Amino acid sequence: MEFSSCHVNLREIEGKQANDPHRFNGKMSRTTRCVLVSGPVIVGAGPSGLAVAACLKEKGVPSMVIERADCIASLWQHQTYDRLSLHLPKKFCELPLMRFPPNFPTYPSKGQFIQYLENYARKFEINPVFNETVQHAEFDQTLGFWRVKTSRRVVGPVRPWKPAKAGKANEARAKEGITTTATEYVCRWLVVATGENAEMVVPELEGLEEFRGRVVHTSLYKNGEGFRGKKVLVVGCGNSGMEVCLDLCHHNAMPSIVVRDRVHILPREMLGWSTFGLSIWLLKWLPISLVDKLLLFVAWFVLGDTSTLGLSRPQMGPLQLKNLSGKTPVLDVGTLDKIKSGDIKVCPGIKRVMNHAVEFVDARIEYFDAIILATGYKSNVPSWLKEGQMFSEKDGLPRRPFPNGWKGECGLYAVGFAKRGLLGASMDATRIAADIGHCWNAESKRFTTFDRSYSP
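Mapped onto our numbering, the consecutive letters of the sequence shown carry residue numbers 283 to 738.
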């Protein structure tokens with residue numbers, strides 16, 4: 283086994299392993315590599331994980347970031363459409379300790395945001411361990427440490443074929459082999475930074491498997507080039523679904539969008555301010571119910587009555603609804619004009635899907651060449667984190683709402699689950715680093731650190 287330690291915390295583990303190897307290694311395969319991590323293990327190298335690592339580094343606390351993909355911010359790099367830009371002004375999307383370049387526009391593009399994240403990782407010398415998937419993470423009550431088990435799939439090289447000796451033909455055959463290597467990280471603190479968007483959500487639509495056309499989730503959609511001249515049904519009316527429809531229009535496709543529930547649509551900017559920025563400013567002085575009324579009045583003045591387009595608004599205001607359910611209002615970037623002009627059709631909920639058509643709940647049947655699922659993502663935490671207190675097994679989100687969902691028991695933390703975007707993730711990252719840093723600095727003064735108490 284391999285040991286990586288740079289802090290006195292780990293002397294206790296090493297001593298326990300030497301004196302009681304059966305207890306320490308009882309749950310570990312002989313082929314598993316063991317890495318003792320002096321600081322926290324951070325699962326996920328997206329913006330949230332990078333923010334925690336940077337804040338920890340500022341406080342002198344080392345960390346190890348584990349990422350299942352082959353790059354940082356894999357959702358942004360591999361699973362977003364080309365025309366994507368930040369929906370909020372850049373000042374609300376900055377990670378801690380580093381601003382956006384002044385020459386970036388108010389709403390940076392996808393490429394510019396990825397560039398910012400890469401520069402961020404470079405500045406704070408964050409070097410994640412890529413291509414490692416966490417299979418199991420559990421707090422070991424005996425050790426008082428977290429055990430994080432990962433797997434890495436390795437594709438072996440193709441070796442030239444050579445004549446085999448008698449009896450060893452199978453061993454000498456040339457072929458490409460796939461092997462899986464296992465690693466167990468032992469750490470004092472575990473930071474879950476996989477976020478709300480770890481796995482795509484595919485809705486259960488009757489007959490979807492029978493559809494003869496193309497079906498694609500927005501995580502695989504890049505642009506509308508392959509849909510020119512085609513009738514496309516977009517399922518889902520959030521920000522992604524609305525913007526994909528707009529992109530399809532720009533590529534001369536004929537999109538329709540399924541709007542099953544009521545939805546708040548707001549202009550991206552109001553009265554010369556970003557809608558988000560204006561909301562933040564108003565909330566400093568006014569109750570949320572009054573701010574909602576002001577936002578809806580301006581939205582009606584700018585956009586008109588959206589209910590006439592088949593886009594009825596919820597009874598609850600947009601900010602109150604966001605606080606209660608996490609449902610984000612749509613910030614319009616031009617889609618509504620295309621709906622008004624008839625370039626984008628609004629459809630009700632789907633009753634069933636057929637070979638080349640879709641039947642809607644109003645009994646209408648329409649033919650489509652393709653279906654794009656803009657049905658979002660979900661957390662995958664319950665599939666690998668074995669604890670039943672901090673995270674809900676139902677949705678994989680912290681049970682305690684923002685701003686109190688960032689800290690659990692036994693050194694467990696969560697970042698990127700607050701449904702408050704990059705701003706909320708940055709706030710939680712700062713809190714987590716401060717909490718761990720306080721404990722780290724206090725224990726650094728002790729000769730032995732296994733006898734310790736977690737900060738309340």
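For every residue, glycine included, the Cβ atom is placed at its ideal position computed from N, Cα and C. Just so you know, these numbers come straight off a predicted model, no measurement behind them.
- V615: not part of any alpha helix (DSSP H); DSSP gives it neither H nor E.
- With contacts defined as CB atoms closer than 9 Å, P537 and D625 qualify as a contacting pair.
- Secondary structure of E466 (DSSP, three-state): strand.
- For the pair V430 and E466, the CB atoms are nearer than the 9 Å cut-off.
- If you draw a 10 Å sphere on the C-beta of E349, you find 16 or more other C-beta atoms in it, and that means buried.
- Straight-line spacing of the CA atoms in K575 and P630 works out to 27 Å.
- In this chain, the beta strand (DSSP E) harbouring F642 covers A639 to F642.
- Counting along the chain, M709 sits inside no beta strand (DSSP E); it lies in the alpha helix (DSSP H) bounded by residues G703 to S726.
- For the pair C316 and L425, the Cα-to-Cα distance works out to about 15 Å.
- Scanning its chain for C-beta atoms nearer than 7 Å, with the 5 sequence neighbours on each side dropped, one finds around P378 the residues A333, A336, C337, S708, A711 and T712, in chain order.
- By the Cβ test, the segment 648-659 is in contact with the segment 509-525, since at least three Cβ pairs between them sit closer than 8 Å.
- Secondary structure of Q359 (DSSP, three-state): helix.
- When the beta-carbon positions are compared, L613 and G599 stay at least 9 Å from each other.
- Beyond the five residues adjoining it in sequence on each side, P596 comes within less than 7 Å, by CB distance, of R544, H546 and L603 in the same chain, given in chain order.
- Buried is the label assigned to S501, since at least 16 other Cβ atoms lie within 10 Å of its Cβ.
- At least 9 Å separates the beta-carbon of Y695 from that of V347.
- The beta carbon of F395 sits closer than 7 Å to the beta carbons of W358 and L368 from its chain, once the five residues preceding and following it are set aside; these are given in chain order.
- For L694, the enclosing beta strand (DSSP E) has its first and last residue at L694 to A696.
- Residue pairing for T415: DSSP places it in a beta bridge opposite S433.
- Rounded to the nearest whole angstrom, the CA to CA distance from V319 to V468 is 6 Å.
- Across the structure, K339 and G508 are spaced so that their CA atoms are roughly 45 Å apart.
- Y363 sits away from K566, with the two beta carbons spaced by 9 Å or more.
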